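In the working numbering, the protein residues as written are 14 to 208.
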């Protein structure tokens, strides 16, 4: 099995997101790295003889592997799609959003509502089945994603992502998120799908 190493946080603070908030959030991400590595290590030794759909140590490790490893990947998407100037999208993603949602304002209205409705994550993703963009809700790292989709932009709406700076004001946090979107990164992710 591989051994994961954490990516460095690409910034110390952002407008509307303090260094303290981001540092604490980053520690949680490192925890997911460590748990994923621990699970992978345990999987090399766990018995497969008693594997069972109701309960077995193997089943529990495989289930929690999806939670921990998705926790790693989702946080890496999140941290790298921040750090830009925010505002309306630019580049190819602007055209694709307009074509799929009618306008960036309509997409933003839907994405904000999604971020208020989700318990864990809100994602703009490209769906290979429909060849369209969709906003998808995740209630947990491993609950809510859709198969054959590719995340282009994601916001973490678990309380740990904003509580230090915003308390219960999730709307204020979402505003800060929109002010820091790195559309260059979103376009980079999109470019892999269009070639």
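Note that CB positions come from ideal geometry on N, CA and C, so glycine has one too.
All values derive from a computational prediction rather than experimental measurement.
DSSP three-state assignment for residue i, whether helix, strand or coil
i	result
residue 108	helix
residue 68	coil
residue 136	strand
residue 131	coil
residue 184	helix
residue 154	coil
residue 169	strand
residue 16	coil
residue 22	coil
residue 49	helix
residue 145	strand
residue 162	strand
When the options are compared against residue i, the one with the closest alpha-carbon
i	options	result
residue 138	37, 200, 17	200
residue 127	107, 141, 150, 112	150
residue 85	192, 22, 205, 206	22
residue 140	18, 20, 65, 163	163
residue 226	62, 136, 46	The displayed coordinates of the chain run from 14 to 208. Any statement about residue 226 would go beyond what the structure contains.
residue 92	165, 104, 78	165
residue 56	41, 202, 78, 36	78
Contact belief for residue i with residue j at Cβ below 8 Å, rounded distance in angstroms
i	j	result
residue 194	residue 94	7 Å
residue 173	residue 38	6 Å
residue 53	residue 87	That belief does not hold up - the Cβ atoms of residue 53 and residue 87 are roughly 18 Å apart, past 8 Å.
Straight-line gap, residue i to residue j (C-alpha atoms, nearest Å)
i	j	result
residue 130	residue 121	14 Å
residue 99	residue 197	10 Å
residue 132	residue 184	14 Å
residue 125	residue 187	7 Å
residue 76	residue 206	29 Å
residue 147	residue 111	12 Å
residue 64	residue 74	11 Å
residue 20	residue 89	8 Å
residue 152	residue 58	31 Å
residue 123	residue 62	47 Å
residue 30	residue 189	7 Å
Buried versus exposed call for residue i [16 or more other C-beta atoms within 10 Å across all chains shown]
i	result
residue 101	exposed
residue 81	buried
residue 161	exposed
residue 115	exposed
residue 169	buried
residue 34	buried
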